[in-house]
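In order, the protein sequence lines correspond to chains S and W. All the letters of the first sequence, read from the start, carry residue numbers 29 to 173 under the working numbering. All the letters of the second sequence, read from the start, carry residue numbers 3 to 418 under the working numbering.
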Amino acid sequence: MDLQDLYREVILDHNRSPRNFRRIEPCSHSAEGFNPLCGDKLRVYVEKDGDAITDVAFEGSGCAISVASSSMMTEAIKGKTVQQARALFDEIRALLSGEADNEAELGKLAALGGVRQFPSRIKCANLAWHALRAALDGDQQAKTE
Amino acid sequence: MTQVATTDRALPFDVEAVRADFPVLDQQIHGKPLVYLDSAASAQRPVAVLDAMDRYYRNNHANVHRGVHTLSQRATDDYEGARQRIAQYINARSACEIIFTRGTTEAINLVANSYARPQLGNTSEIVITQLEHHSNIVPWQLVAAQTGASIRVLPINDRGELEIDQFEGLLNDRTCIVAVNHISNALGTINPVNDIVRIAHQHGVPVLLDGAQAMPHTAVDVQALDCDFFAFSGHKVFGPTGIGVLYGKENLLEQMPPWQGGGEMILSVTFENSTYAGLPHKFEAGTPAIAEAVGLGAAIDYIVALDIERIAAYEQQLLDYATERLATIDGIRFIGTAREKASVVSFTLEGIHPHDIGTIVDSEGVAIRTGHHCAMPVMDFFGVPATARASLAFYNNRDDIDRLVDALHKTKQVFG
Ligand SMILES: Cc1ncc(COP(=O)(O)O)c(C=O)c1O
């Protein structure tokens, strides 16, 4: 078990200064993600123009992993289409469950893979992505697996 | 002549000898010796408990109260013997006042459903406190929802102490029951339960004490407390999981209807009617957790041999040391600073989420609990989503505290 793998510099950086940490109001979609185990709670806001995601933001409180994951998520999907965002959700899920075969293509996001050695933290990394999917699906609350 | 093992209170508490009784403590976690600081969530068990359960399964197991054969008699003797020892330890008037349950949670649910629900109407009130574990909140909410009763909550102050002066004002002739924890699992606060029982009784209201955290830290005498119900869990008092106790005053238990139906709890059954067994079996439907009861009896014996007063004195010293050492860490905030406190330290570190603290100290071999500790209303009161909590038992030593402090410094380093 290597802590450096979990708390990589890019994760610590996004935790220290989260990007797109704000509310979008009104917005086309928003959904909440809540992890009752540790109390992490965040809301993801998505603004769409047709099929394009023109803006995305989040707010809430959580551990370094969930904040960094949220922050990196907003950076990654801004400007993408809904379809591309959904595809990225699947890739991140694969990454976190150790089934990804294209880690190199994920760039910065690959840093999230460090949680794999820490099973109790996988949900932290997942949370924002589930909230994103819920928002895109028009749900109020993320369903976590 | 055999020597009677009595403990001499003047002698220092021999923590190293005690540690040797707990095999689980002797292991490496991530290459470092385990430091277990999560006993409030679940304590570890001494060899004496493991051996008692093993002996029971190897030699004496059969179903209880059901057979004329020898093994069934032995199993019954072991099971009822454990009940006797527990009754004696908490000073119940009679062993029939000791109901075995799955734990504190089931004991509280039993009282909510069998004692309270039949009396509750839509003007009835149940009094709890802001300091409760979810298991002393949700069962009352369930019966309140079924009956229209309401729940009133005694608040806490900034130290995490009950606002005891406001307690009497919550009581009236519609109050059905008061349910309060004896010692808080989230903060360690020792509540003034003697006052609570006395005041409630002046208003004719019975009191349930959630004793889950009291049993491992303090002497419990249910007659001196004069509480009407007292609930605790085996696994928090160095016994097995899956077993716990509801103590109730005999006259109240007598009046209560059975909660669950099945074997063991009946005298006779026809399709027209069944008559119920007497106490305590009326409340123990089905084959009970026999080996677990035996293990709990052995755990109580272990505590008796160590002497709970000496345990409490030692833990208090350890708590003082922990509080002093932790206070030297920059950015630490203690959550819960009650003047009467058991060996639980809840805290936050500025700018670092408790969940991250938990992971990093674990990598140093130190086990603490992080989260809301099943007490979300307490977290809300202090305006934090979660805390880190180190809970100490008598098998912890100063070295454990030093290791925690070092691990917290390491945590701060990681977050630079
Ligand atoms: C104060 C308190 N009450 C109740 C409980 C519930 O105990 P159990 O889960 O063993 O039923 C706990 C344990 O978490 C506790 O600390």
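Yeah, the Cβ is synthetic: ideal placement off N, Cα and C, and Gly gets one too.
In terms of alpha-carbon separation, which member of Gly236/W, Pro260/W and Ser126/W lies closest to Ala295/W?
Sequence index remark: in the second sequence, residue 295/W carries index 293 (1-based). Out of Gly236/W, Pro260/W and Ser126/W, the CA that lies nearest to the CA of Ala295/W is found in Gly236/W.
Beta-carbon spacing of Val224/W, Ala84/W below 7 Å
Taking the second sequence and counting its residues from 1, the one referred to as residue 224/W is at position 222. Taking the second sequence and counting its residues from 1, the one referred to as residue 84/W is at position 82. No, Cβ-Cβ distance for Val224/W and Ala84/W is not below 7 Å.
Return the chain-ordered ranges of every beta strand (DSSP E) run that is complete within the segment 62-108 of chain S and spans a minimum of 3 residues.
68-77 and 80-89, all fully within the segment 62-108 of chain S.
Could you check whether the Cβ of Ser270/W sits closer than 7 Å to any Cβ belonging to chain S?
One-based indexing of the second sequence puts residue 270/W at position 268. The beta carbon of Ser270/W does not come within 7 Å of any beta carbon belonging to chain S, so the residue lies off that interface.
For the alpha helix (DSSP H) that Leu255/W lies in, which residues bound it at each end?
Taking the second sequence and counting its residues from 1, one reaches residue 255/W at position 253. First-last of the alpha helix (DSSP H) with Leu255/W: Glu252 to Gln257.
Where does Asp53/W fall in DSSP's three states?
Locating residue 53/W in the second sequence gives position 51, counting from the first residue. The three-state reading of DSSP puts Asp53/W in helix, counting H, G and I together.
Any beta carbon from chain W within less than 7 Å of Ser98/S's own beta carbon?
Residue numbering aside, residue 98/S sits at position 70 when the first sequence is read from its first letter. By this cut-off, Ser98/S is not an interface position.
Considering only their Cβ atoms, is the gap separating Ile292/W from Tyr81/W smaller than 7 Å?
Translated into the one-based positions of the second sequence, residue 81/W becomes position 79. Translated into the one-based positions of the second sequence, residue 292/W becomes position 290. Yes, the pair counts as a contact, with Cβ atoms nearer than the cut-off.
So, Gly288/W versus Gly264/W, is the Cβ gap smaller than 7 Å?
As a first step, residue 288/W is located in the second sequence; it is residue number 286 there, counting from the start. As a first step, residue 264/W is located in the second sequence; it is residue number 262 there, counting from the start. For Gly288/W and Gly264/W, yes; Cβs fall inside 7 Å.
Figure out for me which residue from Met101/S, Lys76/S and Arg144/S has the closest Cα to the Cα of Ala122/S.
For the purposes of this step, residue 122/S is taken as the residue at position 94 of the first sequence. Nearest C-alpha to Ala122/S: Arg144/S.
Report whether the distance from the Cβ of Asn253/W to the nearest heavy atom of ligand 1 is below 6 Å.
Position 251 of the second sequence, counting from 1, holds the residue named residue 253/W. Checking the Cβ of Asn253/W against ligand 1 gives no.
Per DSSP, cross-strand counterpart(s) of Phe234/W
As a first step, residue 234/W is located in the second sequence; it is residue number 232 there, counting from the start. According to DSSP, which records beta bridges pairwise, Phe234/W is partnered with Val247/W.
Going along chain W, which residues have a C-beta under 9 Å from Ala122/S?
For the purposes of this step, residue 122/S is taken as residue 94 along the first sequence, with counting starting at 1. Think of a sphere of 9 Å around the beta carbon of Ala122/S: no beta carbon from chain W falls inside it, the nearest being about 23 Å out.
Would DSSP call Asn111/W helix, strand or coil?
Looking up residue 111/W in the second sequence gives position 109. Here Asn111/W sits in helix by DSSP.
Neighbour list for Phe117/S in chain W, Cβ cutoff strictly below 8 Å
Position 89 of the first sequence, counted from the first residue, corresponds to residue 117/S. What Phe117/S touches in chain W, judged by beta-carbon distance under 8 Å, is nothing: the nearest beta carbon there is about 23 Å away.
So, are the CB atoms of Glu134/W and Ser152/W less than 7 Å apart?
Here residue 134/W corresponds to residue number 132 of the second sequence, with the count starting at 1. Here residue 152/W corresponds to residue number 150 of the second sequence, with the count starting at 1. No. Outside cutoff.
If we call anything under 7 Å between Cβ atoms a contact, is Thr350/W one with Thr389/W?
The residue given as residue 350/W occupies position 348 in the second sequence. The residue given as residue 389/W occupies position 387 in the second sequence. Result yes, Cβ atoms of Thr350/W and Thr389/W sit closer than 7 Å.
Could you check if Asp93/W belongs to the surroundings of ligand 1, using beta carbon to heavy atom distance under 6 Å?
Along the second sequence, one-based indexing puts residue 93/W at 91. It is worth fixing the name first, because residue 93/W is Asn in this sequence and not Asp. Flag unset: Cβ of Asn93/W not near ligand 1.
Exposed unless 16 or more other CB atoms sit within 10 angstroms - verdict on Pro48/W
For the purposes of this step, residue 48/W is identified with residue 46 of the second sequence, where counting begins at 1. It is buried - the Cβ of Pro48/W has at least 16 other Cβ atoms within 10 Å.
Cβ neighbour criterion (16 or more within 10 Å) applied to Gly213/W:
Within the second sequence, numbered from 1, the residue matching residue 213/W stands at position 211. With 16 or more other Cβ atoms within 10 Å, it is buried.
Between the CA atoms of Arg36/S and Val95/S - distance to the nearest angstrom:
On the first sequence, residue 95/S is found 67 positions in, with the first residue counted as 1. On the first sequence, residue 36/S is found 8 positions in, with the first residue counted as 1. Pairing Val95/S with Arg36/S, the inter-Cα distance amounts to about 14 Å.
Is DSSP giving Cys229/W helix, strand or coil here?
Numbered from 1 along the second sequence, position 227 holds the residue referred to as residue 229/W. Cys229/W falls in the coil class under three-state DSSP.
Looking only at its chain, what residues have a beta carbon closer than 6 Å to the beta carbon of Leu189/W, apart from the 5 residues adjacent to it on each side?
As a position in the second sequence, residue 189/W is number 187, starting the count at 1. Counting only Cβ-Cβ distances below 6 Å, and skipping sequence neighbours, we find Gly162, Gly338 and Ser348.
Considering only the alpha carbon of each residue, which of Ala315/W, Ala181/W, Ser270/W and Asp160/W lies closest to Phe383/W?
For this step, residue 383/W is matched to residue 381 along the second sequence. Nearest of Ala315/W, Ala181/W, Ser270/W and Asp160/W to Phe383/W, Cα basis: Asp160/W.
In terms of alpha-carbon separation, which member of Glu165/W, Ile158/W and Arg119/W lies closest to Gln143/W?
Mapped onto the second sequence, residue 143/W falls at position 141. That would be Arg119/W, whose Cα lies nearest to the Cα of Gln143/W.
Whole angstroms is fine: what's the gap from Asp402/W's alpha carbon to Leu308/W's?
On the second sequence, position 400 is the one that residue 402/W refers to. On the second sequence, position 306 is the one that residue 308/W refers to. Going from the Cα of Asp402/W to the Cα of Leu308/W covers about 21 Å.
For the segment 350-361 of chain W, enumerate the residues whose C-beta is nearer than 8 Å to any C-beta of chain S, in chain order.
Cβ contacts with chain S: Ile354, His355, Pro356, His357, Asp358 and Thr361.
Work out the CA separation of Met55/W and Met3/W for me, nearest whole Å.
Counting from 1 along the second sequence, the entry for residue 3/W is found at position 1. Counting from 1 along the second sequence, the entry for residue 55/W is found at position 53. Reliability of the predicted coordinates at Met3/W is poor, the pLDDT of 39 falling under 50, and the value obtained from them is presented with this limitation in mind. The C-alpha of Met3/W lies about 29 Å from the C-alpha of Met55/W.
Could you please give me the residues that DSSP links to Leu211/W through a beta bridge?
Working through the second sequence from its first residue, we reach residue 211/W at position 209. The partner list for Leu211/W (beta bridge, DSSP) reads Val182/W and Phe232/W.
Please report the residue range of the alpha helix (DSSP H) in which Ser365/W lies.
Translated into positions along the second sequence, residue 365/W becomes position 363. Start and end: Pro356 to Ser365.
Whose C-beta lies closer than 7 Å to the C-beta of Ala314/W among residues of the same chain, with five residues either side of it excluded?
On the second sequence, position 312 is the one that residue 314/W refers to. Around Ala314/W: His219 and Thr220.
Outcome for Val6/W when other beta-carbon atoms lying within 10 angstroms are tallied against a minimum of 16:
Taking the second sequence and counting its residues from 1, one reaches residue 6/W at position 4. Caution applies to Val6/W, whose pLDDT of 45 falls short of 50 and renders its modelled position unreliable; the value that the coordinates give is listed next. Under this definition Val6/W is an exposed residue.
Continuous beta strand (DSSP E) assignments of at least 3 residues falling wholly in the segment 260-337 of chain W
Counting whole runs of 3 or more residues, the segment 260-337 of chain W contains the beta strand (DSSP E) stretches 268-271, 276-278 and 334-336.
Taking only three categories from DSSP, how would you classify Ser345/W?
As a first step, residue 345/W is located in the second sequence; it is residue number 343 there, counting from the start. Under the three-state reduction of DSSP output, Ser345/W falls in the coil class, being neither helix nor strand.
Within-7 Å CB hit, Ser45/S to chain W
As a working mapping, residue 45/S is identified with position 17 in the first sequence. Not one chain W Cβ lies under 7 Å of Ser45/S.
Helix or strand or just coil, what does DSSP make of Glu60/S?
In the first sequence, the residue the question calls residue 60/S occupies position 32. Glu60/S: strand per DSSP, three-state reduction.
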